[in-house]
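S.K.: In terms of the numbering used here, the sequence shown is residues 380 to 972.
Note that CB positions come from ideal geometry on N, CA and C, so glycine has one too.
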Amino acid sequence: MEKLTANKSVLSWIEEKIDLVKPEKVVWIDGSEKQIEALRAEACSTGEMIKLNQELLPDCYLHRTAVNDVARVEARTFICAPTKEEAGPTNNWMDPAEAYKMLYDIAKDSYKGRTMYIIPYSMGPVGSKFSKIGIELTDSIYVVLNMCIMTRVGTKVLEALGDSNDWVRGLHCKCEINEEKRYICQFPQDNTIISVNSGYGGNVLLGKKCFALRIASYQGKNEGWQAEHMLILGLQKPNGEIKYICAAFPSACGKTNLAMLIPPEGYYKKGYRVWCVGDDISWIRKGEDGRLYAINPENGFFGVAPGTNEKSNPNALASTKKGTIFTNVALNLDNNTVWWEGLDKNPPENAIEWKGSAWNGKTSEEKGAHPNSRFTAPAVNCPCISSEFENPQGVPISAFVFGGRRAKLAPLVYQSRNWNHGVFVGSIMASETTAAAAGAVGVVRRDPMAMLPFCGYNMADYWQHWIDIGAGLDPEKAPKIFNVNWFRKDDEGNFMWPGFGDNLRVLDWIIDRCEGKVDAVETPIGFVPRSEDINLEGLEGEVSKAQLEEILSVDKDLWKAEVEGIGEFYAKFDRLPATLKAEYETLKKNIEG
Ligand code: GTP
Ligand code: SPV
Ligand code: MN
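1. Tell me the rounded alpha-carbon separation between Asn582 and Ser766.
2. Have a look at Asp870 and Glu916 and give me their C-alpha separation to the nearest angstrom.
3. In chain order, which beta strand (DSSP E) runs of at least 3 residues are fully inside the stretch 595–680?
4. If contact is defined by three or more beta carbon pairs under 8 Å, each pair taking one atom from either stretch, is the stretch 746–755 in contact with the stretch 670–686?
5. So His442 is in the beta strand (DSSP E); what residue range does that whole segment cover?
6. Tell me whether His551 counts as near the ligand MN, meaning its Cβ is closer than 7 Å to at least one heavy atom of that ligand.
7. Could you tell me if the beta carbon of Lys588 falls within a distance shorter than 7 Å of some heavy atom in the ligand GTP?
8. What does DSSP give as the partner residue(s) for Trp407 in the beta ladder?
9. Between Leu927 and Trp604, what straight-line distance do the alpha-carbon atoms span, to the nearest angstrom?
10. In this structure, how does DSSP classify Gln565 when only helix, strand and coil are distinguished?
11. For Gly782, report the span of its beta strand (DSSP E) as first-last.
12. Buried or exposed: Phe874, going by 16 or more other Cβ atoms within 10 Å of its Cβ?
13. Residue range of the alpha helix (DSSP H) that Glu416 falls in?
14. With the ligand GTP as the reference, list in chain order each residue whose Cβ lies under 6 Å from any of its heavy atoms.
15. For Leu612, tell me which candidate among Pro629, Leu592, Met639 has the shortest Cα-Cα distance.
16. Which of the three DSSP states is assigned to Met502 in this structure?
17. Return the CA-CA distance between Arg670 and Val863, expressed in angstroms with no decimal places.
18. Between which two residues does the beta strand (DSSP E) holding Cys552 run?
19. Could you please give me the residues that DSSP links to Glu901 through a beta bridge?
20. On the three-state DSSP scale, how would you describe Ala730?
21. Do Glu465 and Tyr836 have their CB atoms nearer than 8 Å?
22. Tell me the DSSP bridge mates of Tyr479?
23. Is there at least one non-hydrogen atom of the ligand FMN closer than 7 Å to the beta-carbon of His608?
24. So, is Leu516 buried or exposed, given that buried needs 16 or more other C-beta atoms within 10 angstroms?
25. Can you tell which of Ile393, Lys430, Tyr562, Ile846 has the C-alpha that lies nearest to the C-alpha of Asn471?
26. Whole-angstrom Cβ separation of Val406 and Ile497, contact assumed at under 8 Å?
27. For Glu943, count the other beta carbons within 10 Å of its own beta carbon; 16 or more makes it buried, fewer makes it exposed. Which is it?
28. Once DSSP output is grouped into helix, strand and coil, what is the label at Pro693?
29. Short of 6 Å in beta carbon distance, which residues of its chain neighbour Ala595, apart from the five on each side in sequence? Order them along the chain.
30. Of the residues Asn447, Ser519, Ala454, Gln433, which one's Cα is nearest the Cα of Gly426?
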């Protein structure tokens with residue numbers, strides 16, 4: 380097949396990899412509809428994908444991964460920087476030379492009898508100053524088709540690259556999907572990613588977490604910008620003005636839901652709207668006017684399926700109605716559509732569960748869909764996609780919001796006292812773990828800025844980078860920094876806040892704070908709303924004023940224990956910025972004093 384570029388750095392790297400993995404055939408992905416359609420047909424002919432009901436779900440397909448390969452594998456994810464110190468205490472580290480040797484041994488000859496697909500892709504609108512280019516080599520059609528939804532792919536990307544050497548190398552080899560030999564390795568100094576023995580989402584769609592967060596966070600530190608695990612939404616107020624918010628929550632903690640929320644009826648009638656710019660990743664840099672601007676480097680949503688329904692997230696559901704790939708959900712044999720837990724109250728009786736066995740949703744104890752089953756949907760499908768989605772300049776950010784799952788501790792919302800205190804608030808984030816990563820679920824762990832599994836270098840240096848970014852901003856123009864918690868539970872284990880669309884009530888307070896329109900109560904941890912400033916109209920019978928006061932409260936005893944936990948976590952960092960140490964001492968004094 381004709382090569383799609385004459386770029387020497389691209390061609391020589393691909394030649395080397397062809398020599399290593401020995402494909403039977405090489406296919407360049409040009410991004411054309413015709414090629415995509417042919418690949419879908421081929422994947423269906425081998426059983427790799429299942430074509431769904433084309434009347435109800437046009438251009439939609441189902442894929443099942445191996446049962447041992449259903450989530451990111453953090454324990455097998457490595458930052459291969461020259462020294463362990465550069466990777467820092469929160470990352471797994473491997474010496475680059477040793478890692479290359481080990482990976483090449485695994486990858487050697489692994490494409491024998493298979494096809495190598497060469498995917499040129501752009502993270503960010505092609506040609507935007509924010510954007511970066513990558514090339515992924517893969518032996519999986521599923522990866523190709525997902526990348527064609529999640530990123531901008533094809534000839535136009537290579538045209539934008541020209542003869543530049545500034546692109547991220549990505550090699551993916553499915554091998555035998557052997558979990559003992561599964562490795563996801565980032566080489567930040569070499570702009571290189573190698574992923575072997577997986578076929579699942581974040582492990583293999585190399586543009587996403589591997590590039591747009593791990594490699595890009597390192598690039599951002601060197602080049603003066605930020606790559607964050609943040610959604611971007613535009614909140615439109617009744618006067619038509621739109622304010623943009625970036626929010627970082629750990630995996631499966633509500634980014635996609637918040638990014639697409641539909642305001643509660645009363646708000647909707649007044650003219651409130653939410654516009655989605657991105658649901659997972661933000662690239663952020665200072666604009667000419669001195670404010671911070673963000674783009675979403677992705678082109679689609681790789682969203683959690685379970686719990687997505689007409690009530691919780693109608694925009695996400697609508698996004699999955701065409702051109703979508705479903706992974707590890709149940710197949711309804713009656714009408715050849717898909718089903719997952721929480722879609723509706725009517726599970727199919729005649730179905731196949733995510734592992735591929737016959738399944739009766741009415742009688743079975745087993746789940747039909749894996750808890751981390753996903754949809755890969757084009758962003759353009761989203762009914763509330765922002766008109767700024769393709770804007771190469773990005774959108775100006777008014778607020779950064781951090782948050783996680785904390786059953787008891789964190790109040791519904793609080794605001795930091797200033798930028799550096801906000802960086803501290805992000806750095807002490809903790810959340811109960813979810814099914815998005817392999818391992819135990821529901822255990823509280825520290826997850827600074829929701830970047831624990833995604834920061835491509837020493838987390839302490841990443842915090843310093845946040846502090847430096849703030850120091851370069853006029854405080855008047857800097858985004859204000861908040862923390863939210865939608866997940867407070869009562870003693871019976873019920874959520875105390877309705878969440879989802881009702882989170883708009885909190886976003887509204889956040890924007891009012893940014894505009895200096897509302898007072899707040901100063902507490903030892905920061906500014907908390909006066910209970911009368913969170914509008915409960917329409918929540919009568921659901922959230923009482925007393926309940927709201929409870930979820931806004933700061934329990935000093937719980938925070939005392941938290942301060943200890945933070946101290947233990949911080950002790951891991953030799954390079955902890957002095958600013959954060961000082962913020963920690965202040966919190967300690969505020970809580971204990
Ligand atoms: P990743 O794609 O893994 O980064 O996840 P995400 O942060 O985009 O999470 P997502 O929006 O997909 O939500 C994950 C789970 O959290 C779903 O099961 C939702 O039902 C649940 N969830 C989201 N928002 C809320 C909320 O406000 N309250 C409650 N109780 N649950 C929520
Ligand atoms: C996450 O886990 O944060 C995701 C899904 O967004 S994955 O692409 O698998 O990382
Ligand atoms: Mn994510």
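M.R.: Based on what the coordinates show:
1. Counted from its first residue, the sequence shown places residue 582 at position 203. Counted from its first residue, the sequence shown places residue 766 at position 387. Roughly 31 Å between the two C-alpha positions.
2. In the sequence shown, counting from the first residue as 1, residue 870 sits at position 491. In the sequence shown, counting from the first residue as 1, residue 916 sits at position 537. Rounded to whole angstroms, Asp870 to Glu916 spans 25 Å at the Cα level.
3. 605–607, 609–615, 621–627, 652–657, 661–665, 671–674
4. yes
5. In the sequence shown, the residue the question calls residue 442 occupies position 63. Its beta strand (DSSP E) spans residues 440–442.
6. By one-based count along the sequence shown, residue 551 stands at place 172. No - the ligand MN has no heavy atom lying nearer than 7 Å to the Cβ of His551.
7. Here residue 588 refers to the residue found at position 209 of the sequence shown. Checking the Cβ of Lys588 against the ligand GTP gives no.
8. Here residue 407 is taken as the residue at index 28 of the sequence shown, counted from 1. According to DSSP, Trp407 bridges with Ile497.
9. Mapped onto the sequence shown, residue 927 falls at position 548. Mapped onto the sequence shown, residue 604 falls at position 225. Going by the C-alpha atoms only, they are around 38 Å apart.
10. Here residue 565 refers to the residue found at position 186 when the sequence shown is read from its first residue. Of the three classes helix, strand and coil, the one that applies to Gln565 here is strand, per DSSP.
11. Residue mapping note: residue 782 aligns to position 403 of the sequence shown, counting from 1. First-last of the beta strand (DSSP E) with Gly782: 774–782.
12. The residue you call residue 874 lines up with position 495 of the sequence shown. Answer is exposed; the Cβ neighbour count stays below 16.
13. Mapped onto the sequence shown, residue 416 falls at position 37. That run of the alpha helix (DSSP H) goes 412–425.
14. Phe628, Ser630, Ala631, Cys632, Gly633, Lys634, Thr635, Asn636, Asp658, Asp659, Gly682, Val683, Pro685, Gly686, Ser691, Ala815, Trp865, Phe866, Phe874, Gly878, Phe879, Asn882
15. Working through the sequence shown from its first residue, we reach residue 612 at position 233. Residue Met639 is the option with its Cα nearest to Leu612.
16. Residue 502 sits at position 123 when you count from the first residue of the sequence shown. Reduced to three states, the DSSP call for Met502 is strand.
17. Indexing the sequence shown from 1 puts residue 670 at position 291. Indexing the sequence shown from 1 puts residue 863 at position 484. Answer to the nearest angstrom: the Cα atoms are 23 Å apart.
18. For the purposes of this step, residue 552 is identified with residue 173 of the sequence shown, where counting begins at 1. 546–552 is the extent of the beta strand (DSSP E) around Cys552.
19. Start at 1 with the first residue of the sequence shown, and residue 901 comes out as number 522. According to DSSP, Glu901 bridges with Phe906.
20. On the sequence shown, residue 730 is found 351 positions in, with the first residue counted as 1. Strand.
21. Taking the first residue of the sequence shown as position 1, residue 465 is located at position 86. Taking the first residue of the sequence shown as position 1, residue 836 is located at position 457. A contact, by the Cβ cut-off of 8 Å.
22. Along the sequence shown, one-based indexing puts residue 479 at 100. According to DSSP, Tyr479 bridges with nothing at all.
23. As presented, the structure is devoid of the ligand FMN, carrying the ligand GTP, the ligand SPV and the ligand MN as its sole ligands.
24. For the purposes of this step, residue 516 is taken as the residue at position 137 of the sequence shown. That one is buried.
25. As a working mapping, residue 471 is identified with position 92 in the sequence shown. Taking only the C-alpha atoms, the option nearest Asn471 is Tyr562.
26. The sequence position of residue 406 within the sequence shown is 27, counting from 1. The sequence position of residue 497 within the sequence shown is 118, counting from 1. Confirmed, about 7 Å.
27. Here residue 943 is taken as the residue at index 564 of the sequence shown, counted from 1. The residue in question, Glu943, is exposed, as its Cβ has fewer than 16 Cβ neighbours within 10 Å.
28. Walking along the sequence shown from the start, residue 693 turns up at place 314. Here Pro693 sits in helix by DSSP.
29. Here residue 595 is taken as the residue at index 216 of the sequence shown, counted from 1. Only Ala606 meet the Cβ criterion.
30. In the sequence shown, residue 426 corresponds to position 47, counting from 1. If we check each option's Cα against that of Gly426, Ser519 comes out closest.
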